[in-house]
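J.: Numbers -32 to -1, 1 to 261, taken from mature numbering (1 follows the signal peptide of the UniProt record, and there is no 0), label the letters of the sequence shown in order.
Sharing a structure, written as structure tokens. Questions coming.
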Amino acid sequence: MTTVPFSRRALLRACVVSTLAGLGALPLAAQAEDVLRVSAIPDEAPTELQRKFAPLGAYLEAETGMKVNFVPVTDYAAVVEALATRKIDMAWLGGFTFVQAKIRTNGTAVPLVQRAEDAKFTSKFITANDGIKGFADLKGKTFAFGAPSSTSGHLMPRYFLGQEGLNPDKDFKNVAFSGAHDATVAFVQAGKVDAGVLNASVWDKLVEQKKVDPAKVRVFATTPSYFDYNWTVRGDLDPKIQAKLTQAFLKLDPANPAHKEIMALQRASKFIPTKAENYKGIETAAQAAGLLK
């Protein structure tokens, strides 16, 4: 996997996504602890992930005194594997990918912080089909989840569908995986599927950016809340660096003009400490859905 040096010019290169195997070719110098290698689950388009990270990366460089490199990946599993094999130092994970990372690292992965919004996260079920008013109307319809390892685009919606008495694999005509939240909206908007589900944050952003017409694509249900995204580091990262990173996130304040763009792009009112225990419910849901092996 190619390590992309952080800069705004990296926006032009963000679409070049390498394979996980390439991570093994990183020079030893790039793995020194004066370089912080950061990645994120690809829950949106690569260019959007880089755009969101750009100001945050500059801020973390200033706060830690380290060079910050953003490492794009092809899929959710690649982030988990990269963290477990010390090819990256920190990652933006969903609740389910954190559970996977915890298991893959024998419990050593450390969740540092989450947005306040992630303590009460939700998913939105959407449709452009006038005949779909509620969950019962999904029977016999086509449906799109996001990525298979997505907390808010697959695991928790699947779990809550089960609470409504629906088994997607048996009750839906066809189940597709779009790969990302914005792609799910595109599927529904284009009529490729009758309905889909994505996280509430991305839905709100797409509506604000007028990339979806809520008069045509509408929300017909919202899940109960659950814990979701967090910033996680590999367990053997220097504790002093972990402390610097935690403090850097916690002091971000949207009322501070220097922090405003960072917080807006992260869609965060503030960052708060988190802990592995917060994701027990996600692990239970994954086990119930048969998604943990």
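Each residue gets a CB set at the ideal place from its N, CA and C atoms; glycine is no exception.
Since this is a predicted model, take the numbers as computed values, not measurements.
Can you list, in chain order, the residues of its chain with a C-beta nearer than 8 Å to that of G249? Leave out the 5 residues immediately preceding and following it.
T.: Here the set comprises Y194, F195.
J.: In the structure shown, what three-state DSSP assignment does A223 receive?
T.: A223: coil per DSSP, three-state reduction.
J.: Go through the segment 149 to 196 residue by residue and report every complete run of the beta strand (DSSP E) that reaches 3 residues or more, in order.
T.: If we require 3 residues or more, the beta strand (DSSP E) runs fully inside the segment 149 to 196 come out as 163 to 167, 186 to 190.
J.: Below 6 Å, is the gap between the Cβ of L106 and the nearest heavy atom of the ligand SAM?
T.: By its list of ligands, the structure shown contains no ligand whatsoever, and the ligand SAM lies outside what it can speak to.
J.: Below 6 Å CB to CB, which residues in the same chain sit around A112 once its five sequence neighbours on both sides are set aside?
T.: Result list for A112: A144, S146, T152, F155, V161, G164, in chain order.
J.: Note down the Cα distance separating L259 from P225, rounded to an integer number of angstroms.
T.: Whole-angstrom Cα-Cα distance: 43 Å.
J.: Give every residue of the same chain whose Cβ lies closer than 8 Å to the Cβ of A(-8), excluding the five residues on either side of it in the sequence, and list them in chain order.
T.: Annotation note: pLDDT 39 at A(-8) (below 50); position unreliable, coordinate value reported separately. So no residue of the chain qualifies.
J.: What does a CB cutoff of less than 8 Å around T95 pick up in its chain, not counting 5 residues either side in sequence?
T.: Closer than 8 Å at Cβ, skipping near neighbours: V156, D162, A163, G164, V185, R186, F188.
J.: Comparing C-alpha positions only, which one of L106, L166, S118 sits nearest to D137?
T.: Checked all of L106, L166, S118; the closest Cα to D137 is L106.
J.: By Cβ distance, which residues of its chain are closer than 7 Å to K101, with the 5 residues on each side in sequence left out?
T.: Closer than 7 Å at Cβ, skipping near neighbours: F188.
J.: Using only the alpha-carbon positions, how far apart do A158 and N97 sit?
T.: Distance between the alpha carbons of A158 and N97: 11 Å.
J.: Which residues in the same chain have their Cβ closer than 7 Å to the Cβ of V67, if we skip the five residues on either side of it in sequence?
T.: So the list reads Y247, I250, E251, A254, once near-sequence residues are dropped.
J.: Is it buried or exposed, P23, if we count other Cβ atoms within 10 angstroms and call 16 or more buried?
T.: Counting Cβ neighbours within 10 Å, P23 comes out buried, since at least 16 surround it.
J.: Grouping DSSP H, G and I as helix and E and B as strand, with all else coil, what is R72?
T.: Of the three classes helix, strand and coil, the one that applies to R72 here is helix, per DSSP.
J.: Taking the alpha carbon of P10 as the point to measure from, which residue in M231, D150, A69 has its own alpha carbon closest?
T.: Of M231, D150, A69, the residue nearest in Cα terms is D150.
J.: Where does N142 sit, in a helix, a strand or coil, going by DSSP?
T.: Residue state, collapsed to three classes: strand.
J.: In this structure, what does DSSP give as the bridge partners for A257?
T.: Looking at the DSSP assignment, A257 forms no beta bridge with any residue, so it has no partner.
J.: Determine the DSSP secondary structure at V39, reduced to helix, strand or coil.
T.: Three-state DSSP puts V39 in coil, outside helix and strand.
J.: Tell me whether D206 is buried or exposed, calling it buried when 16 or more other Cβ atoms sit within 10 Å of its Cβ.
T.: By the 10 Å Cβ count, D206 comes out exposed.
J.: Around the C-beta of K55, are 16 or more other C-beta atoms found within 10 angstroms, so that it is buried, or is it exposed?
T.: By the 10 Å Cβ count, K55 comes out buried.
J.: Should K92 be labelled buried (16 or more other beta-carbon atoms within 10 Å of its own) or exposed?
T.: Label assigned to K92: buried.
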